[in-house]
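A.B. asks: Got a structure for you, questions after.
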Ligand code: SF4
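Numbering (this note's numbering), first residue to last: 1 to 287.
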């Protein structure tokens, strides 16, 4: 029995994936197969694929598939990335069109190797999507650009509808879980997004050993930075070489964090074991 299968069998019942179904899902799946399109929804084996594709939402990763950082929770390969593909913005825009998406989410690996950390390709991708998909809403899940506001501004100026940057975990665990990112710097990135009158969104994973008080403090920190949308989901280790799960948080506990977040003033809090940062993203343009 392989490791992945053993892990799946150990999961609590509320973490079991449902089979994707619904009217739009098979149609989009067929288009993805026929045109050889690449989405994180499929490559990341996301549990929400049926739900999201039925609602016309999907996520794409740009700037290659090799990351210059090596966070302990993340399944993306790390190493020396290839030079950026100049045609990637147009290809992603075309994929959005073929899939007929109402809402697309764009994310990327970290490109600390590039002088602009990938900001130019980011901006171009947003513009290309808008050019041939004027009705499609765009959410971007951006890296921290090492806090460089000029680079973040390039992305904001391209006109995405929602800008997300994940804290991933509470302050105490950040140095252990995220390789180069800093909790306070990520809050500054979110504050800069909000100050530019954009919808700022962030997400954390639970089950890494954080306490309830630390989660509530993280919510307060996000609200102080002007963040309006928060996602909270259960961490799952991509392989046995990644940081292990400390605890599986029960669904009722996720519900309590949802209510606490709404009370603290977030417009949306998606909080459930299988929530991923782009889950129900189409709702968040209304934040
Ligand atoms: S949560 Fe994100 S990655 Fe998962 S299916 Fe939905 S859009 Fe795709």
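For each residue, glycine too, the CB sits at the ideal point set by N, CA and C.
In the structure shown, what three-state DSSP assignment does residue 135 receive?
C.D. replies: It is coil, neither helix nor strand.
A.B. asks: Let me know the secondary structure DSSP gives residue 117 once reduced to three states.
C.D. replies: In this structure, residue 117 counts as coil in the three-state DSSP scheme.
A.B. asks: Quick check on the DSSP output: the alpha helix (DSSP H) that includes residue 266 runs from which residue to which?
C.D. replies: Per DSSP, residue 266 belongs to no alpha helix (DSSP H) and is neither H nor E.
A.B. asks: May I ask you to report which of helix, strand or coil DSSP gives residue 233?
C.D. replies: Residue 233: strand per DSSP, three-state reduction.
A.B. asks: Could you give the DSSP three-state label for residue 124: helix, strand or coil?
C.D. replies: Note: residue 124 maps to helix in three-state DSSP.
A.B. asks: Please state the DSSP three-state secondary structure of residue 96.
C.D. replies: Helix, per DSSP.
A.B. asks: Is the shortest distance between the beta-carbon of residue 73 and the beta-carbons of chain C less than 9 angstroms?
C.D. replies: Absent here is chain C; the protein component of the structure consists of one chain.
A.B. asks: Taking residue 152 as the reference, which of 135, 191, 131 and 225 has the closest Cα?
C.D. replies: Selected option, being the one with the closest Cα: 191.
A.B. asks: If contacts are defined as beta-carbon pairs under 8 angstroms, then residue 38 and residue 281 qualify, I think. What distance do you get, rounded to the angstrom?
C.D. replies: 18 angstroms between Cβ atoms; not a contact.
A.B. asks: Among 115, 172, 142 and 112, which residue has its Cα nearest to the Cα of residue 125?
C.D. replies: It is 142 whose Cα lies nearest to the Cα of residue 125.
A.B. asks: Answer yes or no: the CB of residue 248 versus the heavy atoms of the ligand SF4, is any distance below 8 angstroms?
C.D. replies: Checking every heavy atom of the ligand SF4 against the Cβ of residue 248, none is found closer than 8 angstroms.
A.B. asks: Can the beta-carbon of residue 73 be found closer than 9 angstroms to that of residue 105?
C.D. replies: Not in contact: residue 73 and residue 105 (Cβ atoms no closer than 9 angstroms).
A.B. asks: Any contact between the stretch 60–69 and the stretch 12–20? By contact I mean 3 or more CB pairs, one from each, below 8 angstroms.
C.D. replies: Cβ pair count under 8 angstroms is below three, so no.
A.B. asks: Would you call residue 273 buried or exposed, if buried means 16 or more other Cβ atoms sit within 10 Å of its Cβ?
C.D. replies: When all chains shown are included, residue 273 counts as buried.
A.B. asks: On a Cα-Cα basis, can you pick out the residue from 224, 112 and 232 that is closest to residue 147?
C.D. replies: For residue 147, the nearest C-alpha among the options comes from 112.
A.B. asks: For the putative contact between residue 129 and residue 138, defined by C-beta atoms under 8 angstroms, what is the C-beta separation to the nearest angstrom?
C.D. replies: Correct: roughly 6 angstroms between the Cβ atoms.
A.B. asks: If contact is defined by three or more beta carbon pairs under 8 angstroms, each pair taking one atom from either stretch, is the stretch 26–38 in contact with the stretch 252–272?
C.D. replies: Because the criterion of three Cβ pairs below 8 angstroms is not met, the stretch 252–272 and the stretch 26–38 do not touch.
A.B. asks: Is the beta carbon of residue 214 closer than 9 angstroms to that of residue 172?
C.D. replies: Cβ distance < 9 angstroms, so residue 172 and residue 214 count as in contact.
A.B. asks: Could you check what DSSP says for residue 58 in three-state terms: helix, strand or coil?
C.D. replies: Here residue 58 sits in strand by DSSP.
A.B. asks: Under the rule that 16 or more other beta-carbon atoms within 10 Å means buried, what is residue 48, buried or exposed?
C.D. replies: Counting Cβ neighbours within 10 Å, residue 48 comes out buried, since at least 16 surround it.
A.B. asks: Is the Cβ-Cβ distance between residue 210 and residue 71 less than 9 angstroms?
C.D. replies: Not in contact: residue 210 and residue 71 (Cβ atoms no closer than 9 angstroms).
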